[in-house]
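2 protein chains.
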Amino acid sequence: MSTTQTNKFEIIKASTSKINEVDFENLSFGSVFTDHLLECDYTNGQWQKPVIKPYAPFLLDPSVRVFHYGQAIFEGMKAYKDDDEALWLFRPDENYKRFNNSAVRMAMPEVPEEVFIEGLNQLLQLDEAWVKKGKGNTLYIRPFMIATGTGVIASPSNDYKFMIILSPAKSYYSGEVKVLIAEHYSRAANGGIGAAKAAGNYGAQFYPTSLANKEGFQQVIWTDDATHTKLEEAGTMNVFFRINDTLLTAPVSERILDGITRKSLIDIAEKEGIDVQIRPVLVSELVEASKNGTLKEIFGAGTAAVVNPIVGFSYQDVYYELPKTEDSMALRLKDMLTNIQHKLAEDTFGWTVKV
Amino acid sequence: MSTTQTNKFEIIKASTSKINEVDFENLSFGSVFTDHLLECDYTNGQWQKPVIKPYAPFLLDPSVRVFHYGQAIFEGMKAYKDDDEALWLFRPDENYKRFNNSAVRMAMPEVPEEVFIEGLNQLLQLDEAWVKKGKGNTLYIRPFMIATGTGVIASPSNDYKFMIILSPAKSYYSGEVKVLIAEHYSRAANGGIGAAKAAGNYGAQFYPTSLANKEGFQQVIWTDDATHTKLEEAGTMNVFFRINDTLLTAPVSERILDGITRKSLIDIAEKEGIDVQIRPVLVSELVEASKNGTLKEIFGAGTAAVVNPIVGFSYQDVYYELPKTEDSMALRLKDMLTNIQHKLAEDTFGWTVKV
Ligand SMILES: Cc1ncc(COP(=O)(O)O)c(C=O)c1O
Ligand SMILES: Cc1ncc(COP(=O)(O)O)c(C=O)c1O
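Residue numbers (the working numbering), protein chains in the order written: chain A, 27 to 381; chain B, 27 to 381.
Written as structure tokens, this is what we have:
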């Protein structure tokens, strides 16, 4: 291992790379990590010098607050290589802003831009061989922060650890996705933490999702917890509904994550002249549109899967199958978005940022 | 260190004890831990042999799911010593049941009774010198479970770690507690995880509680997230309201933790002939009762503080002060409960269990 000190970062290079052990054609999402990670500790009311170092386990006291009180947030973003082997990020400023919004909501310190953005750039340069070019290939980026202060008392931690880890990812075809519309369980409360990428929001969904899985549905579309009449979002994706040629999606709120894929797709669709309506979408509308044949498509939108077409939904024990479409809006928008991300189409929005 | 193997447990004793370094008269809650902890890992679909060993930090991979998806639950219970130095637990079966209910809701494996209950007994015997006799002294017990499986994909972990750590605690007087009634933020959703002791429920409250702190309120009383008209519970306590000589408390629900202190106080109060009403309590009722002088007391009930009298509440920017009472129901019930716990009164309910 070799250590470099700059003004801003300490960089400890791994003596060997694991890259040759990795089968880049058969990657299971989120399971393989690159050689290095970024780590930055918050202690005594201050962020310490960030360190880039070999990916490895680390020690925690059994009483750290992330275990007991769930002070933990994360982001999910991707890096892409173009045909000239240049490395790109997609709207990293949006992830950075959202991360700090999540931090505030979870009573955690905001991370400085030079740690998050510059740190990420440094880390990516070091592990850039892990990003393969070609439209199916990306590097999934996982910034996260956990409370590392000790003591089993339900109050905010004084100490935190911010990390960025990197995982090479193939764009995946997740098979036919059927969804269940939530009638009892829910994801977020009014005045709760649904709009934050807080760890606790995800574990909370595993049990109701497993019940849906048992009935043959891969995902749940969550509804508002008070009335279960409004369609909100899926586990890790915002949701779009195409009725005739209009695209509908719920407005973001304190219950719904402000997805970057969602807002990018809205911009692309509007630029394409598609009628996009951002308004509460009722379950009853969806059922009605399915019955009268105007419901053409449903799809999820999120960084991991980009766009995930849904083949049908179940509500009150009735399964509604969607028609096969020749001319899928989901796939057309997905193609336009991934072309921008991989620098295969002009980025008129100014979303892509070179590493 | 000496190691003992029994059929069921591996016991590794610390070579020296930290007990002489501890000032038992000046303990800050939840910050000092005893010499040993219990650890039991779940891998390959099975609970492994539990180990009792010296309290120490342990290694975790940066991608473990407790960091990213908040699969983490806990319990809070206490051990007491009577005047003959015998060690007692209070309704441990209730904590055990609730722990496994939390596990199911968070898609985590249930912990076997011999690990949780027998393990706790073994651990307490080893560290029994840390429990001091006398009514103000207790040992706070923190069983918890975290997801230790690696991989940043939002699905349940395959691996888990169950632990029990112990912290000596003085009964505390937390000063005058003023509370704020929640009008915007909330703790739990309908169909959410509010009834589980899931880590994510607590971190979610820190920010709104810090806003209340800034206005001079130590705690928030949460209301239902849909209408904010019903009084639910405080951060780590259920809440009771005394109107004239009637004691009111909200029914437990999927939004409210089924507190063991709460249900024990209800039983004691009923035995004392107090009129107890378990029904939704409206904020408007509370305000009305305060205005017309029938509101006599409000108090929180939970394992840590036992009973926490509240001196006043704020709602819609109006502060309602409670009258000073000579004859406090809160303190009377607290005394009866702690007398049972410390074996100073006959336990006609059969709640106390010898270690
Ligand atoms: C709950 C939730 N909704 C939606 C999304 C989609 O957001 P983005 O498009 O920014 O990845 C995510 C994250 O990936 C999410 O976790
Ligand atoms: C949210 C919440 N409510 C109420 C309580 C009180 O429960 P118990 O009396 O079992 O300690 C607790 C735990 O201590 C809690 O965390």
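Using N, Cα and C, we set each Cβ at its ideal position, and we do this for glycine too. Please read all numbers here as calculations on a predicted model, not as lab measurements.
B/V302 sits away from B/A112, with the two beta carbons spaced by 9 Å or more. Burial is judged here by how many other beta carbons sit within 10 angstroms of a residue's own beta carbon; B/V344 has fewer than 16 and is exposed.
In the DSSP annotation of this structure, the continuous segment of the alpha helix (DSSP H) that includes A/N126 starts and ends at P118 to R131.
The beta carbon of B/E154 sits closer than 6 Å to those of L113, all from its chain and outside the five residues before and after it, given in chain order. Contact between the stretch 291 to 300 of chain A and the stretch 211 to 222 of chain A is absent: fewer than 3 CB-CB pairs across the two stretches fall below 8 Å.
For A/R213, at least one C-beta of chain B is nearer than 9 Å to its own C-beta.
Under the Cβ criterion of 9 Å, A/V92 is counted among the residues facing chain B. DSSP places B/P234 in the helix class (H, G or I) of the three-state scheme. Using beta-carbon distances, B/H62 does not count as an interface residue toward chain A, since no partner is under 9 Å.
Counting only runs of at least 3 residues, the stretch 159 to 188 of chain A fully encloses the following beta strand (DSSP E) elements, listed from N- to C-terminal order: 163 to 173. Cβ contact annotation for A/A371 (same chain, cutoff 6 Å, sequence separation greater than five): N365, in chain order. Using a Cβ-Cβ cut-off of 9 Å, A/Q231 counts as an interface residue toward chain B, since at least one Cβ of chain B sits closer than that to its own. Here A/G261 is actually not in contact with A/A327; their C-beta atoms are around 13 Å apart, not less than 8 Å. The C-alpha of B/I167 lies about 14 Å from the C-alpha of B/E144. One Cα belongs to A/K161, the other to A/K369, and the distance between them is close to 9 Å. In the three-state reduction of the DSSP assignment, A/K79 falls in the strand class. Under the Cβ distance rule, B/L85 counts among the residues neighbouring chain A, one pair being separated by less than 9 Å. In this structure the stretch 73 to 89 of chain A does not touch the stretch 67 to 75 of chain B; the number of beta carbon pairs closer than 8 Å is below three. Relative to B/T287, the option among B/M103, B/T32 and B/N52 whose CA is nearest is B/M103. At the C-beta level, B/F266 and B/L283 stay beyond 9 Å of one another. Using a C-beta cut-off of 8 Å, the stretch 192 to 202 of chain B makes contact with the stretch 56 to 63 of chain B, since at least three inter-stretch Cβ pairs fall below that distance. B/E259 is bridged by DSSP to B/N264. Residues of chain B with a Cβ closer than 8 Å to the Cβ of A/Q97 are, in chain order, G229 and F232. For ligand 2, a non-hydrogen atom lies closer than 8 Å to the CB of B/T262. Counting only residues of its own chain and dropping the five nearest sequence neighbours on each side, A/P349 has a CB closer than 7 Å to the CB of K322.
Secondary structure at B/G338: strand, using DSSP grouped into helix, strand and coil. Taking 9 Å as the CB threshold, B/T176 lines the interface with chain A.
Around the beta carbon of B/L85, fewer than 16 other beta carbons sit within 10 angstroms, so the residue counts as exposed. Considering only beta carbons, the part of the stretch 236 to 256 of chain A lying closer than 7 Å to chain B consists of S236, D251 and A252, in chain order. At the C-beta level, B/L257 and B/I304 stay beyond 9 Å of one another. Against B/I191, the close residues of chain A are P88, S89 and V178, in the order they occur along the chain (beta-carbon pairs closer than 9 Å). Between B/V337 and B/K204 a beta carbon distance of about 6 Å is seen, short of the 8 Å cut, so the two are scored as contacting.
Between the stretch 27 to 43 of chain A and the stretch 167 to 187 of chain A there are fewer than three C-beta pairs closer than 8 Å, too few to call the two in contact.
Counting the other CB atoms within 10 Å of its CB gives A/V130 a total below 16, which places it among the exposed residues.
V130, R131, M132, A133 and M134: these are the residues of the stretch 127 to 160 of chain A whose beta carbon lies less than 9 Å from some beta carbon of chain B, given in chain order.
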